[in-house]
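Peer 1: Have a look at this one before I ask anything.
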Amino acid sequence: MNEIIFFINNVVVSGLVLGSVYALGGIGITLVFGILRFAHFAHGDMMTMGAFVTFVLAALMTALGIVAPIPMAIIVLPAAMVITAGLALGIDKIFYAPLRARGAKPVTLLIGSIGVTLIIQGLIRLIFGTGTYSFYDLQPKVLYRVAVPIFDATRTINFTQPQVLMIVVTVLAVLALHLFLTRSRLGKAMRAMADNADLAQVSGINTKLVVRVTWVIAGSLACLAGTMLALDVTLKPDLAFNIVLPLFAAAIVGGLGQAYGAIAGGFLIGFAEMCAVFNWAILLRPLKPIMPEWVELPTNLAIVPTEYKLTVAFVILVITLLVRPTGIFKGASS
Amino acid sequence: MIRRALILYALLVVLFFGVGTVLGPANISLLLVQSFAYALIALGLNIQWGYGGLFNFGIMGFLMVGGFAVTFVSYPVNGEFWASDGPMMLGKALLAFLIGAALVVGARFAHRIGIKGRWQAVLTVIAWIAAYIIYRSQIDPAAAYIEETEAGWVGGLGLHPVLGWAFGGLLAAGIAYIIGRICLGLRTDYLAIATIGISEIVRALLKNMDWLTRGTLTVSPIPWPVPLPQDLQADGMAISQSFIYSRLGFMAVVVVVLALIFFLVQRAYAGPWGRMMRAIRDNYIAAGSMGKNVTARQLEIFIFGSVLMAIGGAMLVSFSQIYDPGSYQPINHTFLIWVMLIVGGAGNNWGAIFGGLLIYLTWMISDPVAQAVFSTLSNWSTDLGWGAIPDIQSRSSQMRVLVLGLVITLALRYAPKGLIPEVIKRG
């Protein structure tokens with residue numbers, strides 16, 4: 001039984017956490033692709049930027065002498081999301097809108113987004129240096145241990161407070177997004193534009209407004225995802241740049257332009273990564289007493305060594321592109 | 001247009017000369033060698049993107065492959081490895097790999113014996129899994145054995161470095177063929193993401209296959225194709241002179257290779273082959289309907305460009321004499337080269353070379369320039385009583401990333417066709 005708890009700790013809990021981050025980031029990428037028709041490469045750095053905004057706000061609050069029972073980052077998160085959304089709008093106005101106005105090809109916008117990536121990273125490193133920061137300098141992370149008093153298990157299921165908050169906030173954000181996309185006029189307009197931009201335009205949808213709303217949603221979700229990731233690990237300038245490819249993998253696996261697809265893709269990739277590096281031999285251990293003498297159980301049955309964890313996302317990505325290029329949920333293909 | 005190119009090249013020479021007077025001849029000769037190697041890589045990308053319209057974002061992977069190739073070919077032979085059981089075990093792993101490959105290929109032809117549709121898909125998946133298990137069962141113990149014994153890793157073949165560059169090109173051609181067969185059907189954005197994913201896979205492999213590449217432990221010193229500074233010093237040359245002359249010797253080799261390739265590429269483009277490539281790039285549907293085999297031609301151009309990238313990457317590694325798979329970054333080794341091409345002018349070989357030389361110089365001097373600016377600012381703020389800027393060193397060394405970002409943004413905005421744009425001949 002201890003082995004199953006070990007599995008839950010290492011695969012289920014970690015997979016949920018990683019999947020939430022990938023899902024939230026993937027939604028941003030998929031929405032920008034659906035509306036603006038280009039692969040927004042700077043999304044990872046928008047996440048890092050959002051995390052730093054939260055960090056600065058949290059530090060300010062702490063400096064003012066405000067204390068709270070939950071991490072300060074969660075309290076300032078709404079404000080940080082608003083600021084990051086504003087920054088995202090500003091980035092679009094300065095960098096992408098002039099290119100769109102010139103009628104540039106999506107490829108040019110993609111290269112432009114790499115310029116934005118480099119500028120954001122450069123600015124973050126200029127202001128904050130290259131070191132790592134932690135949201136938990138003052139108080140340690142709260143650790144929850146849930147004992148499972150059945151089948152004589154001695155280990156406990158462990159998770160930290162930010163992990164719980166992360167999953168709760170992800171569920172809330174996804175619900176809010178769902179309601180927005182299905183109930184509000186603007187949300188419906190967004191979906192229409194993602195399905196067919198030309199048709200949406202001739203049916204009188206205010207495309208400029210839809211573009212702005214897209215950036216607001218993408219920016220605020222990026223801030224959320226970046227902060228979550230920084231709470232779970234540490235905050236550093238290349239925090240989310242390293243996971244921008246799994247994010248694209250999540251968006252593509254789900255079908256570019258499909259918000260629900262990105263959520264499914266995010267969790268799929270998160271769990272796949274965790275399952276691939278998990279040592280399955282541990283689950284075979286309880287079978288040892290009932291096995292015949294001559295069968296020797298292998299000590300390591302991980303599908304790939306831990307160093308290749310991120311590679312799993314790329315392999316899934318490449319396979320998806322080959323077998324079903326439009327993703328599971330039939331995303332945009334043009 | 002020719003006048004514009006001449007003026008820009010003249011300015012570039014002046015710029016290099018000016019930087020050279022400030023930094024000294026030893027440093028500028030180092031910069032020149034590296035910038036010519038980068039120019040070769042930019043030329044490779046120009047072939048793929050400027051002429052073929054292929055969106056390759058996996059340049060880093062090809063540079064790493066080139067670097068590995070030159071390490072493997074030119075590093076001295078590791079006697080302890082060849083005396084151990086390692087070669088035997090690796091042989092078995094190779095055999096296992098071939099058996100696995102045979103299984104996968106067999107599954108591809110399963111429809112010949114009546115296994116079709118869904119059943120063939122199931123069979124293909126099973127074949128891949130079986131091949132993976134067979135290969136892992138042999139390679140894992142071999143890798144563990146080699147890393148644990150005295151040998152440590154496979155070592156090199158002790159051949160001439162130029163052979164290593166050629167081997168890098170060959171290896172890259174093979175890999176580019178596989179990637180091209182898989183990915184070239186994808187449209188631009190998807191192709192970019194797929195190639196960047198594959199280059200990350202290549203990086204993960206080369207970084208962690210310690211038995212083959214020594215991973216993050218790094219390999220050095222990798223021999224040079226020309227006499228090293230130490231050799232010249234042994235012949236009685238002054239130390240400061242020896243560095244300049246040996247680097248100039250290396251530069252001569254690089255420039256000869258670059259010039260040769262440049263000449264051949266220019267000839268090819270002026271001819272019918274180049275016209276066909278541009279036709280495919282501009283309108284592949286029309287080109288296809290004229291009877292051109294679009295996919296095969298694109299594969300050809302993808303392989304050709306990748307070969308140049310790998311040769312450039314091999315040159316860089318053998319020049320710096322150290323192979324460190326951990327030092328490769330998409331920012332330094334993929335995006336930098338895209339900036340070179342965008343700024344220089346995609347579709348024009350002169351532009352690609354110009355962009356390569358200019359951007360590499362900018363990239364390298366933005367570090368010391370930022371240092372100087374920052375320390376001046378820091379002195380001012382100290383004088384004003386605000387205190388010095390904390391960790392100047394690390395902050396200013398990151399400034400090159402910001403500079404690169406600004407350059408790419410400004411170029412896209414104000415000179416989207418590059419400084420030396422493509423010349424389109426009509427009639």
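Chains as they are written, first to last, in the numbering used here: chain A, 1 to 334; chain B, 1 to 427.
Every residue, glycine too, gets a C-beta built ideally from N, C-alpha and C.
Which of helix, strand or coil does DSSP assign to B/R136?
Peer 2: Position 136 of the second sequence, counted from the first residue, corresponds to residue 136 of chain B. Helix.
Peer 1: Give, in chain order, every unbroken run of the alpha helix (DSSP H) that is at least 4 residues long and sits entirely within the region 187-243 of chain B.
Peer 2: Entirely contained in the region 187-243 of chain B, the alpha helix (DSSP H) runs reaching 4 residues are, in chain order, 188-208, 210-213 and 229-234.
Peer 1: Report the rounded CA-to-CA distance for B/S84 versus A/T48, giving the unit in angstroms.
Peer 2: Taking the first residue of the second sequence as position 1, residue 84 of chain B is located at position 84. Taking the first residue of the first sequence as position 1, residue 48 of chain A is located at position 48. Computed Cα separation, rounded: 49 Å.
Peer 1: Could you check where the alpha helix (DSSP H) with B/V14 kicks off and where it finishes?
Peer 2: Stepping through the second sequence from its first residue, residue 14 of chain B is reached at position 14. Element bounds for B/V14: I2 to L23.
Peer 1: Examine chain A for any beta-carbon lying closer than 9 Å to the beta-carbon of B/W153, and answer yes or no.
Peer 2: As a working note, residue 153 of chain B is residue 153 in the second sequence. Taking Cβ atoms only, chain A never reaches closer than 9 Å to B/W153, which makes this a no.
Peer 1: How long is the line joining the alpha carbons of A/T320 and A/H43, rounded to whole angstroms?
Peer 2: The residue you call residue 320 of chain A lines up with position 320 of the first sequence. The residue you call residue 43 of chain A lines up with position 43 of the first sequence. Distance between the alpha carbons of A/T320 and A/H43: 21 Å.
Peer 1: Can you give me the Cβ contacts of B/G185 inside the same chain, cut-off strictly under 8 Å, excluding the 5 residues immediately before and after it?
Peer 2: Within the second sequence, numbered from 1, the residue matching residue 185 of chain B stands at position 185. Closer than 8 Å at Cβ, skipping near neighbours: T295.
Peer 1: Does A/R145 come out as helix, strand or coil in the three-state DSSP assignment?
Peer 2: Numbered from its first residue, the first sequence carries residue 145 of chain A at position 145. The answer is strand: DSSP assigns A/R145 an E or B state.
Peer 1: Taking C-beta to C-beta, are A/L110 and A/A39 nearer than 9 Å?
Peer 2: Here residue 110 of chain A refers to the residue found at position 110 when the first sequence is read from its first residue. Here residue 39 of chain A refers to the residue found at position 39 when the first sequence is read from its first residue. Yes. Within cutoff.
Peer 1: Does A/E307 come within less than 9 Å of chain B when only Cβ atoms are used?
Peer 2: On the first sequence, residue 307 of chain A is found 307 positions in, with the first residue counted as 1. Interface residue, yes.
Peer 1: For the region 183-210 of chain A, which residues have a beta carbon sitting closer than 8 Å to at least one beta carbon of chain B?
Peer 2: The region 183-210 of chain A vs chain B, Cβ under 8 Å: nothing.
Peer 1: Measuring only between beta-carbons, confirm whether A/A222 sits less than 9 Å from chain B.
Peer 2: Within the first sequence, residue 222 of chain A is the residue found at index 222, counting from 1. For A/A222, the answer is no, since every Cβ of chain B falls outside 9 Å of its Cβ.
Peer 1: Is the region 163-172 of chain B touching the region 308-320 of chain B in the sense that three or more CB pairs, one from each, lie closer than 8 Å?
Peer 2: The region 308-320 of chain B, when compared against the region 163-172 of chain B, does touch it at the 8 Å Cβ threshold.
Peer 1: Sort A/P325, A/A250, A/M1 and A/I8 by Cα distance to B/G190 and report the nearest one.
Peer 2: Locating residue 190 of chain B in the second sequence gives position 190, counting from the first residue. The displayed chain sequence assigns Tyr, not Gly, to residue 190 of chain B. That would be A/P325, whose Cα lies nearest to the Cα of B/Y190.
Peer 1: By how many angstroms is the C-alpha of B/G44 removed from the C-alpha of B/W211?
Peer 2: Reading the second sequence from its first residue, position 211 is the one you call residue 211 of chain B. Reading the second sequence from its first residue, position 44 is the one you call residue 44 of chain B. If you take the alpha carbons of B/W211 and B/G44, they lie about 30 Å apart.
Peer 1: In angstroms with no decimal places, state the Cα-to-Cα distance between A/F135 and B/L248.
Peer 2: By 1-based counting over the first sequence, the position of residue 135 of chain A is 135. By 1-based counting over the second sequence, the position of residue 248 of chain B is 248. Going from the Cα of A/F135 to the Cα of B/L248 covers about 52 Å.
Peer 1: Below 8 Å on the Cβ atoms is my contact criterion, and I expect B/Y328 with B/Q34 to pass it. Report the Cβ-Cβ distance as a whole number of Å.
Peer 2: The count along the second sequence starts at 1 and reaches residue 328 of chain B at position 328. The count along the second sequence starts at 1 and reaches residue 34 of chain B at position 34. Wrong, their Cβ atoms sit about 15 Å apart, outside the cutoff.
Peer 1: Less than 9 Å separating the beta-carbons of A/I4 and A/T156?
Peer 2: Start at 1 with the first residue of the first sequence, and residue 4 of chain A comes out as number 4. Start at 1 with the first residue of the first sequence, and residue 156 of chain A comes out as number 156. No. Outside cutoff.
Peer 1: In the DSSP assignment, the beta strand (DSSP E) including A/T160 goes from what residue to what residue?
Peer 2: On the first sequence, residue 160 of chain A is found 160 positions in, with the first residue counted as 1. Taken as a continuous stretch (DSSP letters only), the beta strand (DSSP E) holding A/T160 covers T156 to T160.
Peer 1: Taking just the CA atoms, how far does B/L406 sit from B/G434?
Peer 2: For chain B, the structure presents residues 1 to 427; residue 434 of chain B sits outside this window and is missing.
Peer 1: Using 10 angstroms around the beta-carbon of A/S333, count the other beta-carbons present and answer buried if the total reaches 16, otherwise exposed.
Peer 2: For the purposes of this step, residue 333 of chain A is taken as residue 333 along the first sequence, with counting starting at 1. Because A/S333 carries a pLDDT of 46, less than 50, the predicted location of this residue cannot be relied on, and no value is offered for it.
Peer 1: For the candidate residues A/T234, A/N300, A/G254 and A/A251, whose alpha-carbon lies nearest to that of A/T130?
Peer 2: Position 130 of the first sequence, counted from the start, is the residue given in the question as residue 130 of chain A. Among A/T234, A/N300, A/G254 and A/A251, the Cα nearest to that of A/T130 is on A/T234.
Peer 1: Along the chain, where does the alpha helix (DSSP H) that runs through A/K309 open and close?
Peer 2: The sequence position of residue 309 of chain A within the first sequence is 309, counting from 1. K309 to V323 is the span of the alpha helix (DSSP H), which, as asked, contains A/K309.
Peer 1: State yes or no: is the C-beta of B/I280 within less than 9 Å of the C-beta of B/A26?
Peer 2: Stepping through the second sequence from its first residue, residue 280 of chain B is reached at position 280. Stepping through the second sequence from its first residue, residue 26 of chain B is reached at position 26. No. Outside cutoff.
Peer 1: Is B/F62 close to chain A, meaning its C-beta is less than 9 Å from at least one C-beta of that chain?
Peer 2: The residue labelled residue 62 of chain B in the question sits at position 62 within the second sequence. B/F62 does not count as touching chain A.
Peer 1: Quick one: is A/G122 near chain B, going by C-beta distance under 9 Å?
Peer 2: Numbered from its first residue, the first sequence carries residue 122 of chain A at position 122. Yes, its Cβ sits closer than 9 Å to a Cβ of chain B.
Peer 1: Tell me which residue opens and which closes the alpha helix (DSSP H) that B/Y177 is part of.
Peer 2: As a working note, residue 177 of chain B is residue 177 in the second sequence. Looking at the DSSP string, the run of the alpha helix (DSSP H) that includes B/Y177 is P161 to C183.
Peer 1: For chain A, is any of its Cβ atoms less than 9 Å away from the one on B/M364?
Peer 2: For the purposes of this step, residue 364 of chain B is taken as the residue at position 364 of the second sequence. Answer no: the Cβ-Cβ gap between B/M364 and chain A never drops below 9 Å.
Peer 1: Since A/T130 meets chain B, which of its residues come closer than 9 Å, beta carbon to beta carbon?
Peer 2: Here residue 130 of chain A refers to the residue found at position 130 when the first sequence is read from its first residue. Simply D391, S394, R395, S397 and Q398.
Peer 1: Which residue wins for smallest C-alpha separation from B/G345, given the options B/I424, B/I285 and B/G117?
Peer 2: Within the second sequence, numbered from 1, the residue matching residue 345 of chain B stands at position 345. Minimum Cα distance to B/G345 is reached at B/I424.
Peer 1: Buried or exposed: where does B/A238 fall if 16 or more other Cβ atoms within 10 Å of its Cβ makes it buried?
Peer 2: Position 238 of the second sequence, counted from the start, is the residue given in the question as residue 238 of chain B. Classification of B/A238: exposed, given that the 10 Å Cβ count is below 16.
Peer 1: For a quick check, are the C-beta atoms of A/A249 and A/R37 less than 9 Å apart?
Peer 2: What you label residue 249 of chain A is simply residue 249 of the first sequence in a count that begins at 1. What you label residue 37 of chain A is simply residue 37 of the first sequence in a count that begins at 1. Not in contact: A/A249 and A/R37 (Cβ atoms no closer than 9 Å).
Peer 1: Under 9 Å between the Cβ atoms of B/G347 and B/P421?
Peer 2: Start at 1 with the first residue of the second sequence, and residue 347 of chain B comes out as number 347. Start at 1 with the first residue of the second sequence, and residue 421 of chain B comes out as number 421. Yes; because the gap between Cβ atoms is below 9 Å, this pair is in contact.
Peer 1: In chain order, what are the residue ranges of uninterrupted alpha helix (DSSP H) at least 4 long that sit wholly in the region 33-85 of chain A?
Peer 2: Entirely contained in the region 33-85 of chain A, the alpha helix (DSSP H) runs reaching 4 residues are, in chain order, 43-63.
Peer 1: Whole angstroms is fine: what's the gap from B/W273's alpha carbon to B/F263's?
Peer 2: The residue given as residue 273 of chain B occupies position 273 in the second sequence. The residue given as residue 263 of chain B occupies position 263 in the second sequence. In a straight line, the C-alpha of B/W273 is about 15 Å away from that of B/F263.
Peer 1: With distances taken from CA atoms, which of B/R3, B/I139 and B/T188 is nearest B/L54?
Peer 2: For the purposes of this step, residue 54 of chain B is identified with residue 54 of the second sequence, where counting begins at 1. Closest by alpha carbon: B/T188.
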